[in-house]
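Read through the structure below, which is laid out as structure tokens, and then see the notes.
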Amino acid sequence: MRPPTSLSERGYCPVSYSYVDLVAVIIVAVGFVFMNYGIVALFAPRNPKQGEKLETYECGELPFDDALVNFNIRYYVFALTFFVFDMEAIFLYPWALVFDTLGAGALLEMFLFLWVLATGLFYAYKKGVLHWV
Amino acid sequence: MEWWNSLPPTAQVWLGGILKGSLILVWGLLNFAICLMLERKISAWIQNRVGPWRVGLWGWIQPIADLIKLWVKEYIHPNNVDKWLYLIAPFIGFVTANLVWLIVPFGDKFIATDLEIGIIFIAAVTGYDVIATFMAGWGSNNKYSLLGAMRGAAQLISYEITMVMSLIGVVMMAGSLRLSDIVLAQQERGFLGWFLFPQAIGFIVYLIASLAELNRAPFDLAEAEQELVAGHHTEYSGMRWAMFMLAEYIHLAAWSAIAATLFLGGWSGPTLGQVAAGLGNVLNGFGAFVNPVGTAVADWGMSIMGSTVLNWIAGVFWLVLKTYFFIFLAMWIRWTLPRVRIDQLMDLGWKFLLPVSLFNIFLTGTLRYVAVTFDGLPISIGSFTMRLLGWWL
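Protein chains in written order, with numbering that gives the first Met the number 0: chain X, 0 to 132; chain Z, 0 to 392.
Set out below in structure tokens:
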């Protein structure tokens with residue numbers, strides 16, 4: 000059985016340096032997209048005023064009304080539920096990381112937390128929040 | 000090398016970062032081309048067709064032809080779009096797809112950035128995917144796009160919860176969020192130590208949730224082409240549309256690599272040295288009839304076992320093999336199962352997979368605690384049973 004310690008006693012960059020790579024990947028990826036757009040600008044025909052091709056696509060009909068309408072309340076409800084559960088998942092991660100060394104107390108406490116979580120889910124279920132109309 | 004050392008550290012870090020970014024980009028594009036062709040070939044195979052056949056050998060350079068076609072397509076900027084949202088959305092989609100590759104380990108210390116918060120990073124990057132989908136749908140000012148984006152956002156956030164919860168079991172087993180640590184933790188019992196076995200519930204939940212996160216059939220409600228034309232990217236054409244396609248397939252490959260890393264042992268697998276040493280052992284009859292050929296093969300295997308480059312090559316080989324296993328699985332599912340309805344999708348996510356993944360955390364916690372606690376005790380019947388129970392963990 001493996002001793003309950005972390006395996007991370009290996010060399011790594013300090014945090015401030017390791018995020019430079021993240022920025023660099025973003026820069027390179029954005030640069031790639033711009034490069035493609037540049038090639039398109041060089042080679043592709045441009046004829047914007049022709050016909051009705053600039054109209055919004057609605058399967059051949061001329062579009063009517065604006066598409067940006069009110070949307071159904073159920074989306075907000077799901078967004079709120081998502082928010083609650085995402086926060087709770089973030090609380091679970093630090094516990095999962097070190098729980099080997101914490102012993103029975105932490106285990107029981109976290110099960111209590113999970114139980115509260117499950118109760119919340121059950122409540123939402125019973126209230127019909129999770130029911131897609 | 001001397002030139003490199005003469006640079007100031009900041010310049011080294013930035014140049015290294017740009018180099019890594021370029022390698023990730025090239026790797027992503029390579030995977031994109033292969034996945035695109037695989038998708039077409041596999042769909043053709045499943046539906047008894049031939050698939051692309053004309054361009055190059057059996058149609059395998061079709062992606063190049065597609066690329067050239069896309070370069071000479073006019074890009075249309077429709078009248079009614081919300082200009083900035085419409086223009087920025089493809090960038091966000093493409094950038095997040097590339098970012099996932101940053102933390103995929105290809106071998107021991109062969110990784111672009113070994114972030115300590117690996118798994119949380121994955122969840123964060125997924126969050127941006129939702130934003131790209133929604134920006135595209137809202138910015139297009141098109142009814143189909145908006146419907147697709149709404150559905151896509153609801154689906155992505157629902158399944159993100161499920162995915163994050165299903166990975167907690169893995170974190171508990173490995174005791175680390177860093178992906179390379181997770182791979183190392185899986186190497187202790189050969190392939191039996193892969194988290195696929197002790198985390199079977201989490202694995203299945205993760206597979207389903209990642210299919211939904213990727214917007215792939217049977218969960219492709221955001222771009223259900225029979226009802227919504229093309230969903231959130233209806234108004235995009237030419238190269239801008241291609242960015243969504245690129246993002247989709249690079250994401251697919253990246254997700255498969257993450258799944259392979261977390262559950263199938265990532266880059267772990269026999270290296271060339273180990274294979275040669277084992278072969279030499281077999282030729283020697285496990286010591287029964289030692290002969291020069293067997294000894295030579297075994298010695299050669301032992302001598303190259305410590306070679307970093309060869310081990311890295313083996314790591315890349317195994318990782319790519321496992322990744323493409325998952326990619327094939329995703330394509331097989333896509334071309335076999337019909338699309339689910341939105342209420343079925345939400346019910347599956349919230350009422351089934353989420354409770355199941357909570358139960359998985361409970362189960363893993365209990366068994367793991369038992370395994371750790373009873374490890375030091377002398378073997379009695381009770382603790383033996385407990386150890387048997389906790390053996391996987």
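For every residue, glycine included, the Cβ atom is placed at its ideal position computed from N, Cα and C. Quick caveat, the model's predicted, so the values are computed rather than measured.
From which residue to which residue does the alpha helix (DSSP H) around residue i run?
i      : result
G189/Z : Not the alpha helix (DSSP H): G189/Z falls in the beta strand (DSSP E), residues 187-190.
G104/X : 103-126
M149/Z : 142-173
I207/Z : 199-212
G314/Z : 307-333
S5/Z   : 1-5
Q61/Z  : 61-70
W83/Z  : 82-99
Give the secondary structure of residue i by DSSP, where H, G and I count as helix, E and B as strand, and everything else as coil.
i      : result
F82/X  : helix
G265/Z : coil
F109/Z : strand
D298/Z : helix
A223/Z : coil
L18/Z  : helix
P3/X   : Reliability of the predicted coordinates at P3/X is poor, the pLDDT of 41 falling under 50, and no value is obtained from them.
T363/Z : helix
R9/X   : In this prediction, R9/X has a pLDDT of 43, which is less than 50 and means its spatial position is unreliable; what the coordinates show is noted afterwards. Reduced to three states, the DSSP call for R9/X is coil.
D20/X  : helix
P62/X  : coil
L29/Z  : helix
Beta-carbon within less than 7 Å of residue i's beta-carbon, same chain only, minus the 5 sequence neighbours each way: which residues are those?
i      : result
I160/Z : L353
R333/Z : R215, A216
V319/Z : none
Based on Cα-Cα distance, which residue from the options lies nearest to residue i?
i      : options                        : result
W131/X : R367/Z, L366/Z, D346/Z, V369/Z : D346/Z
A208/Z : Y74/Z, L155/Z, R367/Z, K82/Z   : L155/Z
N69/X  : N140/Z, A173/Z, I167/Z         : N140/Z
G127/X : L107/X, R73/X, G37/X, A95/X    : R73/X
F202/Z : Y248/Z, F262/Z, W254/Z, L227/Z : F262/Z
F243/Z : V369/Z, G189/Z, S302/Z, A221/Z : A221/Z
W70/Z  : A123/X, L107/X, M34/X          : M34/X
Y127/Z : N97/Z, L114/Z, I91/Z           : I91/Z
A253/Z : P104/Z, N78/Z, L14/Z           : P104/Z
L56/Z  : W44/Z, I75/Z, M36/Z            : M36/Z
G168/Z : T335/Z, E115/Z, L366/Z         : L366/Z
W83/Z  : M134/Z, V25/Z, W44/Z, A10/Z    : M134/Z
M86/X  : I119/Z, R239/Z, G279/Z, Y235/Z : I119/Z
V369/Z : V76/X, Y56/X, D65/X, L107/X    : L107/X
I181/Z : D107/Z, D298/Z, T372/Z         : D107/Z
Can you list, in chain order, the residues of its chain whose CB lies under 8 Å from that of residue i, leaving out five sequence neighbours each side?
i      : result
C12/X  : For C12/X, the predicted model reports a pLDDT of 45, less than 50, meaning its position is unreliable and no value from the coordinates is stated.
R338/Z : A216, P217, F218, D219, L220, A223
Just to confirm my understanding: we take residue i, look at its own chain, exclude 5 residues before and 5 after, and list those with CB closer than 6 Å. What are they?
i      : result
F90/X  : none
K72/Z  : G237
G136/Z : S144, L145, G147, A148, H231
Y158/Z : A208, A211, E212, G348
Interfacial residues, the stretch 99-111 of chain Z to chain X, with Cβ spacing under 7 Å: Hits within the stretch, in order: L101, A111.
Check distances from the C-beta atoms of the stretch 69-82 of chain X to those of chain Z and list, in chain order, the residues that come in under 7 Å. In summary, the residues of the stretch 69-82 of chain X whose CB is separated from some CB of chain Z by less than 7 Å are F70, Y74, F77, A78, F81, in the order they occur in the chain.
Any C-beta of chain X within less than 8 Å: which residues of the stretch 348-360 of chain Z qualify? Of all residues in the stretch 348-360 of chain Z, W349, K350, L353, P354, L357, I360 have a Cβ within less than 8 Å of some Cβ in chain X.
Note down, in chain order, all residues in the stretch 225-238 of chain Z with a beta-carbon under 8 Å from any beta-carbon belonging to chain X. Interface annotation for the stretch 225-238 of chain Z against chain X: V228, T233, E234, G237, M238, criterion Cβ-Cβ distance under 8 Å.
Any residues in the stretch 51-64 of chain X with a beta carbon nearer than 9 Å to a beta carbon of chain Z? Which ones, in chain order? Within the stretch 51-64 of chain X, the residues whose Cβ lies closer than 9 Å to some Cβ of chain Z are K52, L53, E54, T55, Y56, E57, C58, P62, D64, listed in chain order.
Pull out every residue of the stretch 22-54 of chain Z whose Cβ sits closer than 7 Å to any Cβ of chain X, in chain order. Taking 7 Å as the Cβ-Cβ cut-off against chain X, the residues of the stretch 22-54 of chain Z that qualify are I23, L24.
For the stretch 296-315 of chain Z, which residues have a CB atom closer than 8 Å to at least one CB atom of chain X, in sequence order? Residues of the stretch 296-315 of chain Z with a C-beta less than 8 Å from any C-beta of chain X: none at all.
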